[in-house]
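Heads up, the sequence shown is in the working numbering, so the first residue is 618 and it goes up one at a time.
Glycine included, C-beta positions come from ideal geometry on N, C-alpha and C.
Working notes, structure below.
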Amino acid sequence: MKWETTTTTNLGLDFGIFSNRINGSVDYYVKKTKDLLSYVDIAPGANFDITQLRNIGSLENKGVEISVNTVPIKEKEYSWDFNFNVTYNTSKITSLYGQEDNPNFKGIEVGRIQGGTGNNIGVHAVGQTPFTFLPLKQVYDQSGKPIEGLYEDINRDGVISDADRYYFNHASPSFLFGLSTGFNYKKLSFGITGHGMAGNYLYNNYNANSAVLRNIENPVLYLGNAGVNYLQTHFTNNRYQSDYYIENASFFKIDNINLGYDFGKIVNNDRVRLRLNASVQNIATFTKYSGNDPENAGSDGIENNIYPRPRIYSLGLNFDF
């Protein structure tokens, strides 16, 4: 095993107009990584674990980063600034174990599912984004409800098997973006920050593992708990490989709202000043993802979290002297 090596090519442009009240940068980049490291499954008994970190291939990233800072209003007693950034990125695996020309090689399975022994839902495959999902294609009834245990026969051989698993979206976002804005009026200040992602998908492992009837009617004759998603599927048993559980996890979050007031000097001494600050973190998340938090998953896109992030309220006094 050896270290990953990355070669990066950048082309950038910085700009500023209207006395620099609008400024920013545009960067285009290409990153090529060799000897890519990833955990892969190994034969049971070959080691103390069932996975091992190995050099598996090469990866290419391409993208554009844009950052813009503006001051739309700037007066003596009040001002407004608005800033945003956006990144577009594509990732593609260019080689794996020298199998890039083998049409029968689907890739290296990754993305271990919690609750299913030895089950993976993702894959590293040549020509695909890392951690691309590799599920079975769920079949639905006329009302849009998933039919338990019924999947599309992708290769038309009359049998549902691993050969029918297909490449379906990926955990990596295509777009990342953030924004911030601030208002100042005399001694009062107000600011908001937020960020988001788009084009990323997650496997809702919590629903796949818990939202089935067998968790309620268990063999020891007492009622258990099941996820509320059972009310949509009415699945009796776990269907870990279904693409039903792979959801669009694009989101936008309002991260922070802050309010401040500068009281200025509070005694007959210019060095003694007082400022009051109040802020709230983790304000709101806008997403179609049905799980707890679309940002609270690993790079493999497997989401098991059942605990929400806390909302934090802060109040502070700053003395300068």
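Expressed to the nearest angstrom, what Euclidean distance is found between the alpha-carbon atoms of residue i and residue j?
{"i": "LEU713", "j": "GLY674", "result": "4 Å"}
{"i": "HIS812", "j": "ASP774", "result": "46 Å"}
{"i": "GLY766", "j": "LEU753", "result": "10 Å"}
{"i": "LEU805", "j": "ASN894", "result": "10 Å"}
{"i": "PHE852", "j": "SER827", "result": "10 Å"}
{"i": "VAL939", "j": "ALA825", "result": "Outside the shown range of the chain (618 to 938) lies residue 939, about which nothing can therefore be said."}
{"i": "TYR784", "j": "THR746", "result": "10 Å"}
{"i": "SER916", "j": "LEU628", "result": "27 Å"}
{"i": "ASP781", "j": "TYR768", "result": "9 Å"}
{"i": "TRP620", "j": "ASP652", "result": "7 Å"}
{"i": "PRO927", "j": "ILE777", "result": "43 Å"}
{"i": "LEU796", "j": "LYS803", "result": "24 Å"}
{"i": "THR734", "j": "PHE792", "result": "34 Å"}
{"i": "GLN858", "j": "THR625", "result": "37 Å"}
{"i": "GLY633", "j": "TRP697", "result": "18 Å"}
{"i": "ASN842", "j": "VAL829", "result": "9 Å"}
{"i": "ILE764", "j": "ILE833", "result": "20 Å"}
{"i": "PRO925", "j": "GLN898", "result": "13 Å"}
{"i": "TYR646", "j": "ILE683", "result": "12 Å"}
{"i": "THR850", "j": "TYR695", "result": "55 Å"}
{"i": "LYS762", "j": "ASP872", "result": "35 Å"}
{"i": "ALA914", "j": "SER789", "result": "11 Å"}
Under a three-way DSSP split, which group does residue i fall into?
{"i": "TYR861", "result": "helix"}
{"i": "LEU934", "result": "strand"}
{"i": "ALA780", "result": "helix"}
{"i": "LEU893", "result": "strand"}
{"i": "TYR818", "result": "strand"}
{"i": "TYR906", "result": "coil"}
{"i": "GLN745", "result": "coil"}
{"i": "ASN824", "result": "helix"}
{"i": "THR624", "result": "strand"}
{"i": "TYR924", "result": "coil"}
{"i": "GLN731", "result": "coil"}
Give the C-beta separation of residue i and residue j to the nearest angstrom, bearing in mind that I take them to be a contact with Cβ-Cβ under 8 Å.
{"i": "ASN831", "j": "ASN854", "result": "Asn is not the amino acid found at residue 831; the sequence shown has Arg there. Correct: roughly 6 Å between the Cβ atoms."}
{"i": "PHE701", "j": "VAL685", "result": "6 Å"}
{"i": "ILE874", "j": "TYR820", "result": "That pair is no contact at about 32 Å."}
{"i": "LEU876", "j": "PHE807", "result": "5 Å"}
{"i": "ILE738", "j": "PHE722", "result": "Not confirmed; about 18 Å, so no contact."}
{"i": "SER708", "j": "ASN736", "result": "The Cβ separation is near 24 Å, so there is no contact."}
{"i": "ARG638", "j": "THR711", "result": "Actually they are not in contact, since the Cβ atoms of ARG638 and THR711 sit about 43 Å apart, beyond 8 Å."}
{"i": "TYR818", "j": "HIS787", "result": "6 Å"}
Pull up the DSSP beta-bridge partners for residue i, would you.
{"i": "LEU796", "result": "PHE701, GLY811"}
{"i": "GLU765", "result": "BP columns for GLU765 are empty, so no partner."}
{"i": "GLY633", "result": "ASN640"}
{"i": "ASN873", "result": "THR810, GLN898"}
{"i": "GLU951", "result": "The structure shown does not extend to residue 951, since the chain spans only 618 to 938, so no value can be given for it."}
{"i": "ASN706", "result": "GLY680"}
{"i": "PHE785", "result": "PHE750"}
{"i": "ARG888", "result": "Note: ARG888 sits in no beta bridge, so no partner."}
{"i": "GLY674", "result": "LEU653, LEU713"}
{"i": "ASN686", "result": "ASN640, ASN700"}
{"i": "PHE881", "result": "The displayed chain sequence assigns Gly, not Phe, to residue 881. Paired residue(s): LEU891."}
{"i": "VAL845", "result": "For VAL845, which the question treats as bridged, DSSP gives no partner whatsoever."}
If we cut at 8 Å on Cβ distances, does residue i have a partner in chain C?
{"i": "ALA914", "result": "Absent from the structure is chain C; it holds one protein chain and no more."}
Return yes when at least one heavy atom of the ligand ZN lies under 7 Å from the C-beta of residue i, else no.
{"i": "VAL829", "result": "For the ligand ZN, the structure offers nothing, since it holds no ligand at all."}
Check whether the region 897 to 906 touches the region 868 to 879, counting contact only when three or more Cβ pairs, one atom from each stretch, lie closer than 8 Å.
-> yes
Check whether the region 915 to 926 touches the region 881 to 893, counting contact only when three or more Cβ pairs, one atom from each stretch, lie closer than 8 Å.
-> no
Taking one C-beta from the region 728 to 741 and one from the region 754 to 764 each time, how about it: are there three or more such pairs within less than 8 Å?
-> no
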